[in-house]
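In order, the protein sequences belong to chains B and R. Residue 3 in numbering that gives the first Met the number 0 sits at position 4 of the first sequence, with consecutive numbering throughout. Residue 90 in numbering that gives the first Met the number 0 sits at position 91 of the second sequence, with consecutive numbering throughout. Heads up, the thing below is written out as structure tokens.
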Amino acid sequence: MAQAEEIIRLKNICMDYGGGPVLDRLNLYILKNEFITLLGPSGCGKTTTLRIIGGFEQQTSGDILFEGKSINRLPPFARKVNTVFQHYALFSHMNVYENVAFGLRIKKLPEAEIARKVGAVLELMNLPGYEKRDIDSLSGGQQQRVAIARAVVNEPQVLLLDEPLGALDLKLRKEMQTELKKIQQSLGITFVFVTHDQEEALTMSDTIVVMKDGVVQQIGTPIDIYNEPKNEFVAGFIGESNILDGVMHADFRVSFAGRSFTCVDKGFAAEEEIDVVVRPEDIKLTPAADGMLRGVVTSVVFKGVHYEMMVDVGGREWMLHNTLMEPVGREIGLNIYPDDIHVMKKGKIVEKKTD
Amino acid sequence: MKKRLINGPYLAWMLLFAIAPLFLVVWYALTAESGGERNFTFAHLLRVFEPIYLRVIWRSLRLALLSTLLCFLIGYPVALILTSRPFRPRAILVVLVVLPMWMNFLARTYAWLTLLEKNGLINAILSFLRLPPVDILYTDAAVVLGMVYNFLPFMVLPIYSVLFKIDRTLIEAAEDLGATPLTTFRRVIFPQSLAGVLSGVVMVFMPAVTTFVISRLLGGGQYTLIGNLIEQQFLTTYDWGFGSALSLFLMALLIVTGGILMRSRGDEEGGLW
Numbered sequence: 000m001a002q003a004e005e006i007i008r009l010k011n012i013c014m015d016y017g018g019g020p021v022l023d024r025l026n027l028y029i030l031k032n033e034f035i036t037l038l039g040p041s042g043c044g045k046t047t048t049l050r051i052i053g054g055f056e057q058q059t060s061g062d063i064l065f066e067g068k069s070i071n072r073l074p075p076f077a078r079k080v081n082t083v084f085q086h087y088a089l090f091s092h093m094n095v096y097e098n099v100a101f102g103l104r105i106k107k108l109p110e111a112e113i114a115r116k117v118g119a120v121l122e123l124m125n126l127p128g129y130e131k132r133d134i135d136s137l138s139g140g141q142q143q144r145v146a147i148a149r150a151v152v153n154e155p156q157v158l159l160l161d162e163p164l165g166a167l168d169l170k171l172r173k174e175m176q177t178e179l180k181k182i183q184q185s186l187g188i189t190f191v192f193v194t195h196d197q198e199e200a201l202t203m204s205d206t207i208v209v210m211k212d213g214v215v216q217q218i219g220t221p222i223d224i225y226n227e228p229k230n231e232f233v234a235g236f237i238g239e240s241n242i243l244d245g246v247m248h249a250d251f252r253v254s255f256a257g258r259s260f261t262c263v264d265k266g267f268a269a270e271e272e273i274d275v276v277v278r279p280e281d282i283k284l285t286p287a288a289d290g291m292l293r294g295v296v297t298s299v300v301f302k303g304v305h306y307e308m309m310v311d312v313g314g315r316e317w318m319l320h321n322t323l324m325e326p327v328g329r330e331i332g333l334n335i336y337p338d339d340i341h342v343m344k345k346g347k348i349v350e351k352k353t354d
Numbered sequence: 000m001k002k003r004l005i006n007g008p009y010l011a012w013m014l015l016f017a018i019a020p021l022f023l024v025v026w027y028a029l030t031a032e033s034g035g036e037r038n039f040t041f042a043h044l045l046r047v048f049e050p051i052y053l054r055v056i057w058r059s060l061r062l063a064l065l066s067t068l069l070c071f072l073i074g075y076p077v078a079l080i081l082t083s084r085p086f087r088p089r090a091i092l093v094v095l096v097v098l099p100m101w102m103n104f105l106a107r108t109y110a111w112l113t114l115l116e117k118n119g120l121i122n123a124i125l126s127f128l129r130l131p132p133v134d135i136l137y138t139d140a141a142v143v144l145g146m147v148y149n150f151l152p153f154m155v156l157p158i159y160s161v162l163f164k165i166d167r168t169l170i171e172a173a174e175d176l177g178a179t180p181l182t183t184f185r186r187v188i189f190p191q192s193l194a195g196v197l198s199g200v201v202m203v204f205m206p207a208v209t210t211f212v213i214s215r216l217l218g219g220g221q222y223t224l225i226g227n228l229i230e231q232q233f234l235t236t237y238d239w240g241f242g243s244a245l246s247l248f249l250m251a252l253l254i255v256t257g258g259i260l261m262r263s264r265g266d267e268e269g270g271l272w
């Protein structure tokens, strides 16, 4: 995204309901037309962040800028963002048409234009012919679409989505993931998406913001976040991983699991203690005699695409993914190549995404 | 088989206390005694439509409707205020709304008698403030006042319980779509609370239209509502046939108005009705 324009900036946002900080000096900027995901376990502050952008919560301190102007004091109805709520929050006393038309009626658009816009957005959401239907007669997936339609029909510059797919079943969720991404691209609006589902985040986002305990852990593209996690938390939260204590002897030289390896990382202090991440699918299987490490298979689980094997290497459990299976009890060799070793600084990182 | 047994007591109860009395009312309304035997007749029912009685019925309906309207106008804001309070003050306020109901119905209506008297408390305060006295005792106004006072909690509580259950995020959604607080109330909160309003209207209108105590105490001896008329037939003139016919007519009236109200929002949940 070459030099995209910034639309929202959060500056040193702190939030405290009185029981300790929920958000701690949160800094973040959001670009025009980007699909940005706030990702983290429940209680990490991602929904609070979204609600602060929407105006439903007032931050304890810090500033929120929209196109460079402070919107700290603006109530929700005066903000140029729209929200898709977690449980849809559709108006059950109105039919589908009236729900979608709600925002347009408040803007006092002429009836013909409302009809045209509602028709177009229902078309886009794959809901033509549903105008007169009662909300209660719709399935979860359809309600979800109505909720999105009701928000995007107002052509907001930013759409906030609070775990919108959480209540859908797996298959529907996957379909909606692709569809949401398509909608975002065709409408050309910024999506700020909140989820605790790392796969969802990886599938849809341009940028992922990983949060924990009200602190941003890492901001980056899905590929960066997956391949170069900045700390143990990110590595553990995104995908499966083996996280090991290690020592950085020198540039490109690291030791863990009782031996030393060549790696691609540098810039650490001599003999600095670090965390090492090795993804289960990056570990190569070899006959025991050829392995850099040796271990005994303790369990095998078939996962569809691959087998998930637990291997005991000198008293520590390693997780391996491979399309080939080794039986329980067999001694095997494990090879790990420099590209597949990710070295991280120990401890929590407070990331500042600044230019 | 087991289910039947469980239904038993309920069915017996219904038979004894709902079906049997209803049957008796119908029986007395449609029969008259002549020469030692009871014969079928429409005479009692036709009497209901004599102008003098129609006037009583009309006055009852008018006062009951007025009281219901006033209860709604006073009760809805009260319910709204209750909903917007945090937990502890809210609990206290709800108790305050219900508190008068813990007093005996007669006692609290009698209390108004003394309050409204020519030399009662209210006029004493008014004269102290050098304002003209109010003299509404034994008028429509006093009866309406008594009804509103006695039945207001029946309006507040169902509306409160429905308002309280409205999903907060609906209000947020409306604000998110650009609605000001006033628009949010008009287009989301109020429509969502209609079920409660409906319950409240029914719960106030029914006792208001049938009351005979309030009208007798605050309306004075000469004051007659349909409730007093029915009471008279049973206790004073011993014309059970006409009394039953009036009851039957009143019942039909309530069923019809109730039916119309239910029809208007038949699919609602959450109210008491």
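Think of the CB as a built atom: it goes at the ideal place given N, C-alpha and C, for glycine as much as any other residue.
Output the distance between the C-alpha atoms of A110/R and Y148/R, rounded to the nearest integer angstrom.
-> In the second sequence, the residue the question calls residue 110/R occupies position 111. In the second sequence, the residue the question calls residue 148/R occupies position 149. Near 11 Å, if we compare the C-alpha coordinates of Y148/R and A110/R.
Runs of alpha helix (DSSP H) lying entirely within the region 7-33 of chain R, each at least 4 residues, in chain order = 19-29
Using only alpha-carbon positions, find the residue among I12/B, S41/B and E316/B that is nearest to T366/B.
-> The structure shown does not extend to residue 366/B, since chain B spans only 0 to 354, so no value can be given for it.
Should N226/B be flagged as near chain R, meaning a C-beta pair shorter than 8 Å?
-> Here residue 226/B refers to the residue found at position 227 of the first sequence. With respect to chain R, the C-beta atom of N226/B has no partner C-beta closer than 8 Å.
Measure the C-alpha to C-alpha separation of R72/B and I12/B and round it to an integer number of angstroms.
-> As a working mapping, residue 72/B is identified with position 73 in the first sequence. As a working mapping, residue 12/B is identified with position 13 in the first sequence. The straight-line gap from Cα to Cα measures roughly 14 Å.
Closer than 9 Å, Cβ to Cβ, to anything on chain R: give me those residues from the region 58-91 of chain B, in chain order.
-> P74, P75, F76, A77, R78, V80, N81, T82, F84, Q85, H86, Y87, A88, L89, F90 and S91
Are the region 72-83 of chain B and the region 166-183 of chain R in contact at 8 Å, needing three or more beta carbon pairs?
-> yes
Given that a residue counts as buried once 16 or more other Cβ atoms are within 10 Å of its Cβ, and exposed if not, what is F41/R?
-> Sequence index remark: in the second sequence, residue 41/R carries index 42 (1-based). Label assigned to F41/R: exposed.
I282/B and L323/B closer than 8 Å at C-beta | Walking along the first sequence from the start, residue 282/B turns up at place 283. Walking along the first sequence from the start, residue 323/B turns up at place 324. No.
Of the residues that make up the region 84-106 of chain R, which ones have a beta carbon closer than 8 Å to any beta carbon in chain B?
-> none
Contact set between T82/R and chain B, taken where Cβ atoms lie within less than 9 Å | If you number the second sequence from 1, residue 82/R lands on position 83. The contacting residues do not exist; T82/R stays about 18 Å from chain B at best.
Output the distance between the C-alpha atoms of D354/B and Q176/B, rounded to the nearest integer angstrom.
-> Against the first sequence, residue 354/B aligns to sequence position 355. Against the first sequence, residue 176/B aligns to sequence position 177. With a pLDDT of only 37 at D354/B, under 50, the local geometry of the prediction cannot be trusted, and the value read off the model is given with reservation. Cα atoms of D354/B and Q176/B: separation of roughly 30 Å, rounded to the nearest angstrom.
Measuring only between beta-carbons, confirm whether F138/R sits less than 8 Å from chain B.
-> For this step, residue 138/R is matched to residue 139 along the second sequence. Per the sequence shown, residue 138/R should be read as Thr rather than Phe. Chain B, which has no Cβ nearer than 8 Å to the Cβ of T138/R, makes this no.
Can you check the region 59-147 of chain B for any alpha helix (DSSP H) of at least 4 residues that lies completely inside it and give the ranges in chain order?
-> Listed in chain order, they are 95-105 and 110-123.
Between I56/R and the rest of its own chain, which residues show a CB-CB distance below 7 Å, the 5 nearest in sequence each way excluded?
-> Your numbering for residue 56/R matches position 57 in the second sequence. Taken in chain order, the residues that qualify are I225.
How many whole angstroms separate the CB atoms of V295/B and V310/B, which I take to be in contact at a CB cut-off of 8 Å?
-> Here residue 295/B refers to the residue found at position 296 when the first sequence is read from its first residue. Here residue 310/B refers to the residue found at position 311 when the first sequence is read from its first residue. Right, the Cβ-Cβ distance comes to about 7 Å (below 8 Å), so this counts as a contact.
Kindly say whether F55/B, judged by its beta-carbon, lies nearer than 8 Å to any beta-carbon of chain R.
-> Counting from 1 along the first sequence, the entry for residue 55/B is found at position 56. At least one chain R Cβ lies under 8 Å of F55/B.
Mark S83/R as exposed unless 16 or more other C-beta atoms lie within 10 angstroms of its C-beta, in which case mark it buried.
-> Counting from one through the second sequence, the residue named residue 83/R turns up at place 84. With fewer than 16 other Cβ atoms within 10 Å, it is exposed.
In angstroms with no decimal places, state the Cα-to-Cα distance between Y28/B and I80/R.
-> As a position in the first sequence, residue 28/B is number 29, starting the count at 1. As a position in the second sequence, residue 80/R is number 81, starting the count at 1. In a straight line, the C-alpha of Y28/B is about 40 Å away from that of I80/R.
Pick from L160/B, D244/B and G266/B that is closest to S259/B, judged by C-alpha positions | Taking the first residue of the first sequence as 1, we reach residue 259/B at position 260. S259/B has its Cα closest to that of D244/B, out of L160/B, D244/B and G266/B.
What number of angstroms, rounded off, separates the C-alpha of Q197/B from the C-alpha of L156/R?
-> Here residue 197/B corresponds to residue number 198 of the first sequence, with the count starting at 1. Here residue 156/R corresponds to residue number 157 of the second sequence, with the count starting at 1. Roughly 46 Å separates the two Cα atoms.
Can you pull the chain R residues whose beta carbon is under 7 Å from the beta carbon of I105/B, in chain order?
-> Taking the first residue of the first sequence as 1, we reach residue 105/B at position 106. Going along chain R in sequence order, the residues near I105/B (Cβ under 7 Å) are L176, G177, A178 and T182.
Since I believe Y137/R is in contact with A78/R (beta carbons under 8 Å), could you give me their beta-carbon distance rounded to a whole number of angstroms?
-> Working through the second sequence from its first residue, we reach residue 78/R at position 79. Working through the second sequence from its first residue, we reach residue 137/R at position 138. With a Cβ gap of about 32 Å, A78/R and Y137/R do not count as contacting.
At what residues does the alpha helix (DSSP H) containing L62/R begin and finish?
-> Looking up residue 62/R in the second sequence gives position 63. Note, L62/R: alpha helix (DSSP H), P50 to T82.
For D15/B, the three-state DSSP class (helix, strand or coil) = Residue mapping note: residue 15/B aligns to position 16 of the first sequence, counting from 1. Three-state DSSP puts D15/B in a strand.
Opposing strand residues paired with V275/B [DSSP bridges] = Taking the first residue of the first sequence as 1, we reach residue 275/B at position 276. V275/B is bridged to L243/B and V342/B.
From the beta carbon of T168/R, is the nearest beta carbon of chain B less than 8 Å away?
-> On the second sequence, position 169 is the one that residue 168/R refers to. Yes, contact with chain B.
Segment limits, alpha helix (DSSP H) that includes D175/R = Within the second sequence, numbered from 1, the residue matching residue 175/R stands at position 176. First-last of the alpha helix (DSSP H) with D175/R: R167 to D175.
Cβ of I229/R within 8 Å of Cβ of G242/R?
-> Numbered from its first residue, the second sequence carries residue 229/R at position 230. Numbered from its first residue, the second sequence carries residue 242/R at position 243. Yes, these two residues count as a Cβ contact at 8 Å.
When the Cα atoms are used, what is the spatial distance from A1/B to T220/B?
-> Stepping through the first sequence from its first residue, residue 1/B is reached at position 2. Stepping through the first sequence from its first residue, residue 220/B is reached at position 221. Legend: pLDDT at A1/B = 48, less than 50; position of this residue unreliable, value from coordinates given subsequently. Those two C-alpha atoms are separated by around 14 Å.
Throw me the rounded Cβ distance for the S214/R and V133/R pair, which I believe falls under 8 Å.
-> By 1-based counting over the second sequence, the position of residue 214/R is 215. By 1-based counting over the second sequence, the position of residue 133/R is 134. Not a contact, Cβ separation roughly 19 Å.
Where does K117/R sit, in a helix, a strand or coil, going by DSSP?
-> On the second sequence, position 118 is the one that residue 117/R refers to. In this structure, K117/R counts as coil in the three-state DSSP scheme.
Which value, in whole angstroms, describes the spacing of the CA atoms of R37/R and L98/R?
-> The residue labelled residue 37/R in the question sits at position 38 within the second sequence. The residue labelled residue 98/R in the question sits at position 99 within the second sequence. Each residue's Cα considered, the two are about 49 Å apart.
Residues bridged to E36/R [DSSP beta-bridge criterion] | On the second sequence, residue 36/R is found 37 positions in, with the first residue counted as 1. DSSP lists S33/R as partners of E36/R.
Are V95/B and R132/B close, meaning C-beta to C-beta below 8 Å?
-> Your numbering for residue 95/B matches position 96 in the first sequence. Your numbering for residue 132/B matches position 133 in the first sequence. Cβ distance < 8 Å, so V95/B and R132/B count as in contact.
K283/B - containing alpha helix (DSSP H), residue span | By one-based count along the first sequence, residue 283/B stands at place 284. For K283/B, there is no enclosing alpha helix (DSSP H); the enclosing beta strand (DSSP E) covers residues K283 to P286.
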